[in-house]
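*Asks:* One structure, as structure tokens, below. Some questions next.
Protein chains: 2
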Amino acid sequence: MTINQEPLTTLEAALNARDVAATTSALRELTKSGELADRMASLTRAEARRLAEVLGDEALGELLGELDPSDAASILSLLATVDAADVLESMDPDEAADVAAEIAPERVDQILVEMEPIEAEELRGLMLYPPDSAGGRMTPAFVSIAPDLTARQTILALQRLSEQAETISYVYVTDEADHLLGVLSLRLLVLSPPETPIAQLLIPDVVSVPVLADQEEAAQVLTERGLLAVPVVDDDNRLLGIITVDDVADILEQETTEDIERLGGSEPLEEPYLRASPILLWRKRVGWLLALFLAEAYTGTVLRHYQSEVEAVVALSFFIPLLIGTGGNVGSQVVTTIVRAMAVGDVRFSDVFRIVKKELITGLMLGAVMAAATFVRAMTLSVGIDVGLTVAIAVSGIVIWAAVVGAVLPLVLRKLRVDPAVVSAPFISTLVDGTGLMIYFTVARLMLHLG
Amino acid sequence: MTINQEPLTTLEAALNARDVAATTSALRELTKSGELADRMASLTRAEARRLAEVLGDEALGELLGELDPSDAASILSLLATVDAADVLESMDPDEAADVAAEIAPERVDQILVEMEPIEAEELRGLMLYPPDSAGGRMTPAFVSIAPDLTARQTILALQRLSEQAETISYVYVTDEADHLLGVLSLRLLVLSPPETPIAQLLIPDVVSVPVLADQEEAAQVLTERGLLAVPVVDDDNRLLGIITVDDVADILEQETTEDIERLGGSEPLEEPYLRASPILLWRKRVGWLLALFLAEAYTGTVLRHYQSEVEAVVALSFFIPLLIGTGGNVGSQVVTTIVRAMAVGDVRFSDVFRIVKKELITGLMLGAVMAAATFVRAMTLSVGIDVGLTVAIAVSGIVIWAAVVGAVLPLVLRKLRVDPAVVSAPFISTLVDGTGLMIYFTVARLMLHLG
């Protein structure tokens, strides 16, 4: 794969020449071609150290912030302890905490010892919370002031504080014990007369998120209220950090990936695919696969039950995969649509009758088309008109059945407080396989006067 | 359903009593219980008019902005033309344009005539662009100033402009012909000495998005660069509007819904599920269903080809759904994981060998488990050890095959510039059905010395 060679050699050459501009442009090339993560994962110890030397702490910290935390962690681990500490210090604290969480504990301790005590303390604090909680997502780099300042004094204070802060769009007002008293927006601050006391400007009813809440809750608050940042507080309403709006896309991406993996019939991987070992993939898949196998095993019983019908008209067996496959396809179409509509809040249990009516009508129309297609297919296999009519009627029954089951099941599960995401495409296909066969052979018995 | 009755009567009662506080609290209750959209969709003409009267233009405009545009449009259509114009005027222009796009054209023209000419012109402009383009998403409510002001003059100007603007975090600098010259942040403005000329503060290299670009591009720029807003420009770099960060979640939700619907094997609905008519659902599903049917029809040919094997050992037919179903489940697990990993940029074509190796190892481990399970199941159906071994070997072959095909196919399609999202769970199940049967009967021929 010669295409990949060029930027790789360029980065190597740039590092060897200790050329800042060339290194930066090589990194930009790698980012553009989407190969940055791969290249970074294959850095040697010497290259990593030269990268730190050439870029400096700030630029390297920024680069690591763009990588997957575990890739960033492996690069940091290649550096001398003091350098790793400097780079971590230069990073956004929430990103630094994610990276530190991926480094071996004893190595982290060595690095933290080399950091400024305050920043090390901050990082230790952030590492206490689960990565997908509000506490794991928050940054302590917010701006807070005492309630007894004026607007002018606050703006002066901001000039000192703004460099360390991740956002100054909101300034939080706290008492000496860090209790959150209110918030004021930079906009309001700028547009008010300089001598206005802060106590007059602050908005006391601040929406906040508990530190142990799911990160999704913070994303929802930010999105629904159109905020740029939301404060994270402990049980005593003490301000611990903020989550900014630029985290929303990340949070939504993680949560959506989990939903999609569930819809595909496996447990969420919880890490990037290329990083997942075969053992992890196996563990996330085998449970559902066995559960579905047990459910599907029932089809064997059904078929043995109808053994005499199959023996009498072997042609019936030709259509087994076609009929249950079509049922599974319809079920999968319906289930993914309904589960997604539930996830975004478009649909809930009280809509069940409207949904069933809609899917019944759609199912009838789809069933008619599929019946015609199946009849034509049966004729091309020259199995006789009676078998052709049998499979045509059976397929329309299966299509309608699959559409209704696919629509109702997620709603009923939600009502029973089971996560509707367990109704994956494979789940509904499996369910329709066994029941579809019963529809098929019941129609066959009636039409072909068997049994 | 008595639970739903209370807030409904409350809203009616509040409207009849023309009680602002009670109406607001009834609306809040409906929002909390998730019934707001339903209730709004069932407003009568008299109720809608009373709602406008009680809430006033501003509050009603805000309420409509939270609804689905087509629901908002049907409420607006119930109002008198003058009132509808006032409410539209009070809304954020981008939201107003989305709503106006859902009203019948001749009715929109009547309403636009009643609006302030400038605002009507603005709305007409926004309605020109496709709703999923940057132009359809943008708001013209940005703040721009001439380059010859000082920081102090700019802040004074902001005090006048800020009410109409959606965000003042960034102030854009434009020449008389609206060409985008640069941007300055409110933060920088506040923290600079008052007499600094704007020309010294502005950042000339502004990232912008073309007006006809996909809205996803704007979301990517906002997310990757951590911006609060991105300017939208025409071919001549004239500033037309901005897209703010609070639109990102909306855009991502829309795009993800499309991805998920495709993975489920149908075309994206492009509207909320409850709003989609059965005809629309039918149209979005029937194409893929027929395509999959054609692909699956092949299984009939395969089975007819092996008819003598099935007649010799009818027990072989018992396992058809179980074997191909398991193959489909594995394929669906792998495909959804890989397609999602490609969508978020975790995986690309150059990773194909790593992916195949990973899936081969995982497939071997899964195949071993499924072979054991299948053998046990065969014994419970008392079909004999030779058939049991046949199905056990066949299932492990099918599992490995499904895992590899499911992993490679999306990558190859992307390489061929076909959207990998066409490889839905139903698609891979269908593909594995026909090929799985060939694996099954080939193993059967060899093991059972048939044919």
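Protein chains in written order, with our numbering: chain A, 9 to 459; chain B, 9 to 459.
Each residue gets a CB set at the ideal place from its N, CA and C atoms; glycine is no exception.
Note that this is a predicted model, so its numbers are computed, not measured.
1) Does B/D254 pass the burial test, meaning 16 or more other C-beta atoms within 10 Å, or should it be called exposed?
2) What are the partner residues of A/P239, as DSSP defines its beta bridges?
3) Would B/R160 and B/P202 be called neighbours here (beta carbons separated by less than 7 Å)?
4) Hey, quick one: how far does the beta strand (DSSP E) through B/V191 stretch, first residue to last?
5) Could you tell me whether any Cβ in chain A is nearer than 7 Å to the Cβ of B/E37?
6) Helix, strand or coil: which one does DSSP assign to A/V461?
7) Any beta carbon from chain A within less than 7 Å of B/Y178's own beta carbon?
8) For chain A, find out if any of its Cβ atoms is closer than 7 Å to the Cβ of B/Q118; answer yes or no.
9) Going by C-alpha to C-alpha distance, which of B/E74, B/V403, B/A67 and B/V310 sits closest to B/L330?
10) Among residues of its own chain, excluding the 5 on either side of A/V219, which ones have a beta-carbon nearer than 6 Å to its beta-carbon?
11) Could you tell me the distance, in whole angstroms, from the CA atom of A/L131 to the CA atom of A/S78?
12) With DSSP as the reference, identify every bridge partner of B/S141, one or two as the case may be.
13) Could you round the C-beta distance between B/V28 and B/A60 to whole angstroms and report it? I think they count as a contact, below 8 Å.
14) Are B/T398 and B/A323 closer than 7 Å when you measure CB to CB?
15) Consult DSSP for A/S340 and reduce its assignment to one of helix, strand or coil.
16) Please confirm whether B/L458 and B/A320 have their CB atoms less than 7 Å apart.
17) Can you grab the Cα-Cα spacing for the pair B/Q341 / B/L271, in whole Å?
18) Could you name the residues of the same chain whose beta carbon sits closer than 6 Å to that of A/T382, not counting the 5 residues immediately before and after it, in chain order?
19) Would you list, in chain order, the members of the stretch 358-391 of chain A that have their beta-carbon closer than 7 Å to a beta-carbon of chain B?
20) Out of B/A299, B/G444 and B/L260, point me to the one whose CA is closest to B/R145's CA.
21) What ranges does the alpha helix (DSSP H) occupy inside the stretch 314-369 of chain B, keeping only unbroken runs of at least 4 residues that lie completely in it?
22) Which chain A residues are close to B/S437, counting only those with a beta carbon under 9 Å from its beta carbon?
23) Along the chain, where does the beta strand (DSSP E) that runs through B/V256 open and close?
24) Please name the residue, chosen from A/P276, A/A299 and A/F327, that lies closest to A/L288 on a Cα-to-Cα basis.
25) Taking C-beta pairs closer than 7 Å, name the residues in chain B that A/W409 reaches, listed in chain order.
26) Identify the contact partners of B/L282 in chain A, using a Cβ-Cβ distance below 9 Å as the criterion.
27) Could you name the residues that DSSP lists as bridge partners for A/V179?
28) Strictly under 7 Å for the Cβ-Cβ distance: is A/F326 near chain B by that measure?
29) Take A/L209 as the anchor and find which of A/L197, A/G339, A/L297 and A/A429 has the nearest alpha-carbon.
30) Confirm, please, whether the CB-CB distance from B/A410 to B/G353 is below 7 Å.
31) Just to confirm my understanding: we take A/N245, look at its own chain, exclude 5 residues before and 5 after, and list those with CB closer than 6 Å. What are they?
32) Return the chain-ordered list of same chain residues with a C-beta closer than 7 Å to the C-beta of B/S200, the five sequence neighbours on each side being excluded.
33) Mind checking the stretch 44-61 of chain A against chain B and listing, in chain order, the residues whose C-beta falls within less than 7 Å of any C-beta there?
34) Check A/I401 in the structure and name its three-state DSSP category.
35) Relative to the C-alpha of B/I251, which residue among B/I268, B/A149 and B/K366 is closest?
36) When you compare the stretch 366-381 of chain A with the stretch 425-442 of chain A, are there three or more beta-carbon pairs, one atom per stretch, that lie closer than 8 Å?
*Replies:* Let's see:
1) Counting of Cβ neighbours within 10 angstroms places B/D254 among the buried residues, the total reaching 16 or more.
2) A/I250
3) yes
4) Residues L188 to S193.
5) Not an interface residue.
6) The structure shown has nothing for residue 461 of chain A, since chain A only spans 9 to 459.
7) By the rule that beta-carbons nearer than 7 Å mark a contact, B/Y178 does not touch chain A.
8) So no, B/Q118 is outside the interface.
9) The shortest C-alpha to C-alpha distance from B/L330 to any of B/E74, B/V403, B/A67 and B/V310 is the one to B/V403.
10) A142, G143, V240, D242 and L248
11) Distance between the alpha carbons of A/L131 and A/S78: 17 Å.
12) B/D222
13) Rounded, the Cβ-Cβ distance is 12 Å, inconsistent with contact.
14) no
15) helix
16) It is a contact, given that the beta carbons lie within the stated cut-off.
17) 11 Å
18) V399, A400 and V403
19) S358, D359, R362, K366, I369, T370, M373, L374, V377, M378, A381, R385 and L389
20) B/L260
21) Listed in chain order, the complete alpha helix (DSSP H) runs (minimum 4 residues) inside the stretch 314-369 of chain B are 315-320, 323-326 and 328-351.
22) G333, G336, N337, S340, A433, P434 and S437
23) Premise fails: B/V256 lies in the alpha helix (DSSP H), V256 to L271, not in any beta strand (DSSP E).
24) The shortest CA-to-CA distance from A/L288 to any of A/P276, A/A299 and A/F327 is the one to A/P276.
25) Going along chain B, no residue has its Cβ under 7 Å from A/W409, so there is no contact; the nearest lies around 15 Å.
26) A349, D354, V355, D359, R362, I363 and K366
27) Secondary-structure assignment with DSSP links A/V179 through a beta bridge to A/L192.
28) yes
29) Sorting A/L197, A/G339, A/L297 and A/A429 by C-alpha distance to the C-alpha of A/L209 places A/L197 at the top.
30) Taking C-beta atoms as the reference points, B/G353 and B/A410 fail to come closer than 7 Å.
31) H187 and L188
32) A159 and L209
33) none
34) helix
35) That would be B/A149, whose Cα lies nearest to the Cα of B/I251.
36) no
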